[in-house]
Amino acid sequence: MQRIALLCGMLALLALPLKAQKWEHLADTPQMGWSTWNKFQGNISEDIIKGIADAMVESGLRDAGYTYINIDDCWHGQRDENGFIQADPAKFPNGMKAVADYLHAKGLKLGIYSDAGTGTCAGMPGSLGHEYQDAIQYARWGVDYLKYDWCNTTNINPQGAYQLISDSLRAAGRPIFLSMCEWGNSHPWRWAREVGHSWRTTPDIWCDFDSLRIFPGYTQFGVMQCIQLNDTLRQYAGKGYWNDPDMLEVGNGMTENEDRAHFTMWCMMASPLILGNDLRSMSDATRNIIMNKEMIAIDQDTLGVQGLHFCDHDGLQFWFKPLAGGDWAFTILNPTRKDISYSLNWQDFNLTDSEVSRLSTTFNTRQYKVFNLWTHKMEGKTSLKNKVERKLTVKARDVISYRLIAQ
Ligand code: GLA
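One gets the numbering used here by counting positions in the sequence shown from 1 and adding 114 to each.
Here it is in structure tokens:
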């Protein structure tokens, strides 16, 4: 009798569901796409989404790797009588499935947005208590990506809430990327590797290079403030789970050099590249920045290592990112308002990335070809000798960025 009871107990234990794993291989490199939020906030519609999708394809951005079109906050209508969420019929008269079909036919993917709490940050219905039901609805519509926010979550535990939506997406049966957006408050980099594909490390970005924008109750970060926070977390990112210092503001009003520095640093940090400008009407300067394929390749490099802020000197920051096959990306960032001249001696940069990749630059024994990632020109080779090899001027709020190609 006792034996039977024990056997029954063991069988019952075996029947308990194991903790589900997130969908794998959706984030082998950082996600690339576009989001409504930075440019449009809540003023969105099916027409805007379709127009952006057309521009994404015609401009060549899709073929450069930008495939997600993410509808952020304010797409929501009401829940139906069974509790299933519907799109706002005024903004999306043909429903969300029609949007997904339109995007999929163009080789693009649909992202959507919800919140772990009772309401989203803009006061739309949240997913609390409807997690699995929402996951089913997204799967039915053909959604490929979910950004899951953290407003209105009094008394909710982030680890439990994000695990719940991750499990729900898994159970609903359609591979959906999970972009976690709780701004880094609960240090998700310490616990969310198996839960989500990326996690925000910062408060919201705003379109400014180097200042805070303070509101009652919250603060927005400029580009430099986002970099500073994200910089401390490189050991937590890797293939399948990325630090997210928020979406791009390129083309939304900063100067061309600030935009170039912003984009370069997101690539150096292996950050998600989610565009935030109006793709239907961008300047050539904006297009040249976001379409720089050699720079995108730094972000998307298959080694998957977030760049290292190696040192500061004379007001400049020196960043290195190890790449697959022995190459390195090397960026000098000038965050100041003045142009700065610098005499470069490669021997000052013999470093080992002991924290993450364990790779070394070894400029003393190895020569690299120097490819300028913004002029797209080769600039000779690194020197084995201990000497000033080139004099550079790094413009104010700009970068000089090279791919160092291993010989
Ligand atoms: C939060 C997020 C933003 C955006 C808004 C939408 O502030 O951090 O990225 O999604 O909500 O309301």
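Ideal Cβ placement from N, Cα and C applies to all residues, glycine included.
If you're wondering where the values come from, they're calculated on a predicted model, not measured in any experiment.
- Boundaries for residue 330: no beta strand (DSSP E) harbours it, and the DSSP string shows neither H nor E there.
- Annotation: the continuous beta strand (DSSP E) that includes residue 259 extends over 259-263.
- Contact between the region 492-504 and the region 445-454 is absent: fewer than 3 CB-CB pairs across the two stretches fall below 8 Å.
- Secondary structure of residue 486 (DSSP, three-state): strand.
- Its Cα nearest to that of residue 404, the residue 379 stands out among 416, 421, 317 and 379.
- By the criterion of a C-beta distance shorter than 6 Å, residue 217 is surrounded in its chain by 167, 183 and 224, once the five residues flanking it on both sides are discounted.
- Between residue 163 and residue 185 the beta-carbon gap is near 7 Å, inside 8 Å, which marks them as a contact.
- Closest option to residue 193, judged by alpha-carbon separation, among 238, 204 and 206: 238.
- Under a 10 Å Cβ-count criterion, residue 259 is classified as buried, with 16 or more other Cβ atoms of the shown protein chains found around its own Cβ.
- The ligand GLA never approaches residue 355 closely enough for any of its heavy atoms to be under 7 Å from the residue's Cβ.
- The closest heavy atom of the ligand GLA lies less than 7 Å from the beta carbon of residue 227.
- Inclusion of residue 368 and residue 321 in the CB contact set at 8 Å is warranted, their separation being smaller than that value.
- A distance below 8 Å between beta-carbons, with the five flanking residues on each side excluded, links residue 464 to the following residues of its chain, in chain order: 474, 475, 476, 477 and 478.
- In the three-state DSSP reduction, residue 204 falls in the coil class, being neither helix nor strand.
- Distances from the CB of residue 234 to the heavy atoms of the ligand GLA include at least one below 7 Å.
- CA-to-CA, the gap between residue 415 and residue 143 works out to about 7 Å.
- By the Cβ criterion, the region 255-272 is not in contact with the region 171-179, since fewer than three pairs of Cβ atoms, one from each stretch, lie closer than 8 Å.
- A Cβ-Cβ distance of about 11 Å is found for the pair residue 521 and residue 498, leaving them out of contact under the 8 Å criterion.
- For residue 380, the shortest separation between its Cβ and any heavy atom of the ligand GLA does not lie below 7 Å.
- Checking the DSSP bridge columns, you'll see residue 466 partnered with 474.
- Counting along the chain, the unbroken alpha helix (DSSP H) around residue 370 starts and ends at 370-382.
- Of the candidates 281, 282, 277 and 297, 277 places its Cα closest to the Cα of residue 305.
- Annotation: residue 409 is outside any beta strand (DSSP E); the continuous alpha helix (DSSP H) that includes it extends over 407-413.
- When Cβ pairs closer than 8 Å are counted between the two stretches, the region 386-403 is seen to touch the region 351-361, the count reaching three or more.
- Residue 314 counts as buried, since at least 16 other C-beta atoms from the protein chains shown sit within 10 angstroms of its C-beta.
- Looking at the DSSP output, residue 239 bridges to 233.
- Under the three-state reduction of DSSP output, residue 296 falls in the coil class, being neither helix nor strand.
- Put simply, the region 335-344 does not touch the region 390-405. Fewer than three CB pairs are less than 8 Å apart.
- Closer than 7 Å to some heavy atom of the ligand GLA: that does not describe the Cβ of residue 313.
- Comparing alpha-carbon positions, the option among 173, 137, 171 and 187 lying closest to residue 154 turns out to be 187.
- The beta carbon of residue 457 sits closer than 7 Å to the beta carbons of 502 and 505 from its chain, once the five residues preceding and following it are set aside; these are given in chain order.
- Between the ligand GLA and residue 321, a heavy atom-to-CB distance of less than 7 Å is absent.
- Nearest to residue 236 by alpha-carbon distance, out of 209, 211, 249 and 191, is 191.
- Residue 417 sits in coil when the DSSP states are folded into three classes, being neither helix nor strand.
- Buried is the label assigned to residue 311, since at least 16 other Cβ atoms lie within 10 Å of its Cβ.
- Closest option to residue 510, judged by alpha-carbon separation, among 377, 489 and 429: 429.
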